[in-house]
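For what it's worth, my numbering labels the leading residue of the sequence shown as 69, then goes sequentially. From the three backbone atoms N, C-alpha and C, an ideal C-beta is built for every residue, glycine too. Let me begin by presenting the structure, written as structure tokens, before commenting on it.
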Amino acid sequence: MKNIGIGGDHAGYEYKSEIIPYLEGLGFNVTDFGPNSTDSVDYPDYIHPMASKIEAGELSLGIAICGSGNGVCMTANKHQGIRAALTWNTELASLARQHNNANVICIPARFVDLGTAKEMAKVFLETDFEGGRHQKRVDKINC
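Structure representation (structure tokens):
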């Protein structure tokens, strides 16, 4: 069973609330970093703790959700051990894992429907990194 994290902001709250039980039904152990309502919040307060747990090896992967997906993606990518990818369809979610070994998927809740968000999360979590020729590129990402 993969231990994964999920977090975001008020714009991602409703999707997060639907994605968590969906993924738990698929057998994932999900840690919810918040928020816990649609009240306005600052996404870094939720994404930094999730990213730190991934870097520490306490979580395998993460899902970050905000309105555009950009804020959570920028925040997660401030961590050296995080490779966060903004996706808006399942093909990008799959390629982020296969080719870039992304460990956080960033979902733009205001630009994709809930069904697509769920499928992107599932595909991302169930796809493995291909390694090989992609490994040398991933090794060059960190500064």
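Query	Result
Endpoints, the alpha helix (DSSP H) within which A132 is located	Note, A132: premise wrong, no alpha helix (DSSP H); beta strand (DSSP E) at L129 to C134.
Rounded separation between S108 and V180 - CA only	20 Å
Status (buried if at least 16 other CB within 10 Å, exposed otherwise) for T143	buried
With 16 other Cβ atoms within 10 Å as the buried cut-off, status of L182	exposed
Endpoints, beta strand (DSSP E) assigned at A152	A152 to L154
Coil, strand or helix - P176 by DSSP	strand
Whether C134 touches T155 by CB criterion (8 Å)	no
Rounded C-alpha distance that separates I209 from H147	12 Å
DSSP three-state assignment for G149, whether helix, strand or coil	coil
Beta-carbon proximity check, V191 vs A132, cutoff 8 Å	no
Stretch pair the region 155-168 + the region 88-102: three plus CB contacts closer than 8 Å	no
Residues bridged to V212 (per DSSP)	Since the first and last residues shown for the chain are 69 and 211, residue 212 lies out of range.
Contacts around G137, its chain only, beta-carbon distance under 7 Å, and the 5 residues preceding and following it disregarded	L154, C174, I175 and P176
Residues near D196 in its chain [Cβ-Cβ closer than 8 Å; skip 5 each side]	R165 and Q166
Whole-angstrom distance between S105 and D95, CA atom to CA atom	Before going further, note that residue 95 is Gly rather than Asp in the sequence given. About 25 Å.
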